Amino acid sequence: MTDFSLVLIISAAVIGLVWLLAWFFIRVLRGEIDIGVNTALLILLVAILVVPFAMNFSAHILANSMHRTGDAGHSDAEHEKH
């Protein structure tokens with residue numbers, strides 16, 4: 439599995455998670471799903487914590503893959519000179 443396909447899979451998962459959480463809260467606001475206040479707050483807390491973590495994780499993977507691609511043409515001797 440290449441780095442690009444891994445980034446693509448993680449990005450799709452993050453977008454899916456955001457869409458799922460938005461869909462769920464829209465249903466709750468419309469009254470189609472009946473949940474308690476404590477449950478709604480717990481789900482909101484999970485959304486607030488998980489979504490930025492997943493976005494940060496995918497950004498790190500993307501940055502690492504771009505960094506590895508940029509270093510492919512340089513030898514170790516050239517890095518020691520700079």
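So in this note's numbering, the last spot in the sequence shown is 520, and the numbers never skip.
Glycine included, C-beta positions come from ideal geometry on N, C-alpha and C.
Computed from a predicted structure; not experimentally measured.
Skipping 5 residues on each side, what residues in its chain have a beta carbon closer than 7 Å to that of R465?
As a first step, residue 465 is located in the sequence shown; it is residue number 27 there, counting from the start. For R465, where only same-chain residues beyond five positions count, the Cβ hits under 7 Å are I471.
Compare the beta carbon distance of I481 and L459 with 9 Å and say whether it is the shorter of the two.
Here residue 481 refers to the residue found at position 43 when the sequence shown is read from its first residue. Here residue 459 refers to the residue found at position 21 when the sequence shown is read from its first residue. In this structure, L459 lies closer than 9 Å to I481 by Cβ.
Euclidean distance between Cα positions of I589 and G469:
Since the displayed the chain opens at 439 and closes at 520, residue 589 lies outside it and no answer follows.
My output table needs one value for G474: the three-state DSSP class, helix, strand or coil.
Taking the first residue of the sequence shown as 1, we reach residue 474 at position 36. Residue state, collapsed to three classes: coil.
Assuming the contact rule is C-beta atoms closer than 8 Å, L455 and V484 should be a hit. Round their C-beta distance to whole Å, please.
Reading the sequence shown from its first residue, position 17 is the one you call residue 455. Reading the sequence shown from its first residue, position 46 is the one you call residue 484. Approximately 10 Å separates the beta-carbon atoms of L455 and V484; this is outside 8 Å, ruling out the contact.
Cα-Cα separation, H498 to L479:
Against the sequence shown, residue 498 aligns to sequence position 60. Against the sequence shown, residue 479 aligns to sequence position 41. Going from the Cα of H498 to the Cα of L479 covers about 29 Å.
Given that a residue counts as buried once 16 or more other Cβ atoms are within 10 Å of its Cβ, and exposed if not, what is S496?
As a working note, residue 496 is residue 58 in the sequence shown. The residue is buried, with at least 16 neighbouring Cβ atoms inside 10 Å.
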